[in-house]
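K.L.:
The sequence shown lines up with residues 6 to 209 when you count with the numbering used here. Where is the CB? At the ideal position from N, CA and C, for every residue including glycine. Note that the structure is a prediction, hence the values are computed from the model and not measured.
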Amino acid sequence: EMGFHGSTLDYHHRSNSYMNEVMDDREGLPITLSVLLIELANRLDIPVSGLGLPGHFMAIYRETSPQKKSEKNKPKELLIDSFGGKIITREEANRITGVTLKDEDFKPVSNRDIITRMLRNLIQSAEREEDSNARLRYVDAIIAIDPNDRYTRAMRAMIHYGESRFTEALIDIDYLIEKNPDAPELQPLRVLRNRLIEQGASAP
């Protein structure tokens, strides 16, 4: 018993998303506790991966190669709710997430997806604390990981615009329009682009 547990008193505090603080405090979010479990299991050559379920991150143990590929000999699977500290069934996962989950929901996510989800949690924490500098740092990190993340780049354009960094906003908007010129959701950004140019912004 190592004493790791889900944070309940101050769930949204940023310390619950920082791995070093989670290890020190022995409490964290579903995703950070799952990451610790995954890393420990991988060091022991146990096939445990992350599951990015809606609203609740879990871990999954799945045998890599069953001896016989048949209905009766499916690979063994264990769902691990690190936050609750227990092994659960798929039916319990449905109740926890409030969603009727499908087979594809139980496909492991990549390390990049895990990091991006952690950063999105941090963005939400920074917004609650009204820390615009931190929010922009986390947004920048997501775009550095995936430059084509349209949602986050549009968010950054709006952050820059809201803080009167018009040239930076225009750079992001031009990137989005260039990469996806026919996307209908870009129309509001085109309107904003014209407004930025009227206000003197110019992309390099």
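Does Gly55 pass the burial test, meaning 16 or more other C-beta atoms within 10 Å, or should it be called exposed?
P.N.:
Within the sequence shown, numbered from 1, the residue matching residue 55 stands at position 50. Buried: at least 16 other Cβ atoms inside 10 Å.
K.L.:
Are the stretch 114 to 121 and the stretch 88 to 100 touching, with three or more C-beta to C-beta distances below 8 Å?
P.N.:
Contact fails: fewer than three Cβ-Cβ distances are below 8 Å.
K.L.:
Note down, in chain order, each residue of its chain lying with its Cβ closer than 6 Å to the Cβ of Asn126, except the 5 sequence neighbours on either side.
P.N.:
As a working mapping, residue 126 is identified with position 121 in the sequence shown. Result list for Asn126: Ser22, in chain order.
K.L.:
Which whole-angstrom value is the C-beta distance of Leu124 and Ala159, which I expect to be below 8 Å?
P.N.:
Your numbering for residue 124 matches position 119 in the sequence shown. Your numbering for residue 159 matches position 154 in the sequence shown. Contact flag wrong, Cβ pair sits at about 16 Å.
K.L.:
Report the option in Thr69, Gln204 and Val144 whose CA atom is closest to the CA atom of Ile51.
P.N.:
Position 46 of the sequence shown, counted from the start, is the residue given in the question as residue 51. Checking every option, the nearest Cα to that of Ile51 belongs to Thr69.
K.L.:
Among Thr172, Leu141, Ile85 and Phe171, which residue has its Cα nearest to the Cα of Thr157?
P.N.:
As a position in the sequence shown, residue 157 is number 152, starting the count at 1. The candidate whose alpha carbon is nearest that of Thr157 is Leu141.
K.L.:
Just mark Glu6 as buried or exposed, buried being the case when its beta carbon has 16 or more other beta carbons within 10 Å.
P.N.:
Taking the sequence shown and counting its residues from 1, the one referred to as residue 6 is at position 1. Reliability fails at Glu6, whose pLDDT of 46 lies under 50, so the model's placement of it is uncertain and no value is given.
K.L.:
Around the C-beta of Arg198, are 16 or more other C-beta atoms found within 10 angstroms, so that it is buried, or is it exposed?
P.N.:
As a first step, residue 198 must be located in the sequence shown, where it is residue number 193. Counting Cβ neighbours within 10 Å, Arg198 comes out buried, since at least 16 surround it.
K.L.:
So Asp177 and Arg155 are in contact, right, with Cβ under 8 Å, and what is the actual spacing, rounded?
P.N.:
For the purposes of this step, residue 177 is taken as the residue at position 172 of the sequence shown. For the purposes of this step, residue 155 is taken as the residue at position 150 of the sequence shown. Actually they are not in contact, since the Cβ atoms of Asp177 and Arg155 sit about 10 Å apart, beyond 8 Å.
K.L.:
What is the DSSP secondary structure of Lys112, reduced to helix, strand or coil?
P.N.:
Looking up residue 112 in the sequence shown gives position 107. DSSP places Lys112 in coil when its eight states are reduced to three.
K.L.:
Could you name the residues of the same chain whose beta carbon sits closer than 8 Å to that of Ile43, not counting the 5 residues immediately before and after it, in chain order?
P.N.:
In the sequence shown, counting from the first residue as 1, residue 43 sits at position 38. These residues qualify, in order along the chain: Val53, Ser54, Gly55 and Ala64.
K.L.:
Given that a residue counts as buried once 16 or more other Cβ atoms are within 10 Å of its Cβ, and exposed if not, what is Ile202?
P.N.:
Position 197 of the sequence shown, counted from the start, is the residue given in the question as residue 202. That one is exposed.
K.L.:
To the nearest angstrom, report how far apart Val196 and Leu175 are at their CA atoms.
P.N.:
Locating residue 196 in the sequence shown gives position 191, where the first residue counts as 1. Locating residue 175 in the sequence shown gives position 170, where the first residue counts as 1. Cα-Cα distance, rounded: 11 Å.
K.L.:
What are the boundary residues of the beta strand (DSSP E) that Ile65 is part of?
P.N.:
Your numbering for residue 65 matches position 60 in the sequence shown. Counting along the chain, the beta strand (DSSP E) containing Ile65 begins and ends at His61 to Arg67.
K.L.:
May I have the straight-line CA-CA distance separating His61 from Thr121, to the nearest angstrom?
P.N.:
Residue numbering aside, residue 61 sits at position 56 when the sequence shown is read from its first letter. Residue numbering aside, residue 121 sits at position 116 when the sequence shown is read from its first letter. One C-alpha to the other measures close to 15 Å.
K.L.:
With which residues is Lys3 paired in a DSSP beta bridge?
P.N.:
Given that the chain is displayed from residue 6 to residue 209, the structure contains no residue 3 and the question cannot be resolved.
K.L.:
Assuming contact is defined by CB atoms lying nearer than 8 Å, are Ser87 and Ser20 in contact in what I supplied?
P.N.:
Here the question's residue 87 lines up with position 82 in the sequence shown. Here the question's residue 20 lines up with position 15 in the sequence shown. No, the Cβ-Cβ distance between Ser87 and Ser20 is not below 8 Å.
K.L.:
Under the three-state reduction of DSSP, which class applies to Val104: helix, strand or coil?
P.N.:
Indexing the sequence shown from 1 puts residue 104 at position 99. Note: Val104 maps to coil in three-state DSSP.
K.L.:
Taking the straight line between their C-alpha atoms, what separation do you get for Thr37 and Gln204?
P.N.:
Numbered from 1 along the sequence shown, position 32 holds the residue referred to as residue 37. Numbered from 1 along the sequence shown, position 199 holds the residue referred to as residue 204. Answer to the nearest angstrom: the Cα atoms are 43 Å apart.
K.L.:
Sort Ala46, Glu109 and Val104 by Cα distance to Ile85 and report the nearest one.
P.N.:
Within the sequence shown, the letter at position 80 stands for residue 85. Looking at the Cα atoms, Ala46 is the closest of the given residues.
K.L.:
Just reading off the alpha helix (DSSP H) that Ser137 is part of, what are its end residues?
P.N.:
In the sequence shown, counting from the first residue as 1, residue 137 sits at position 132. Residues Ser137 to Ile150.
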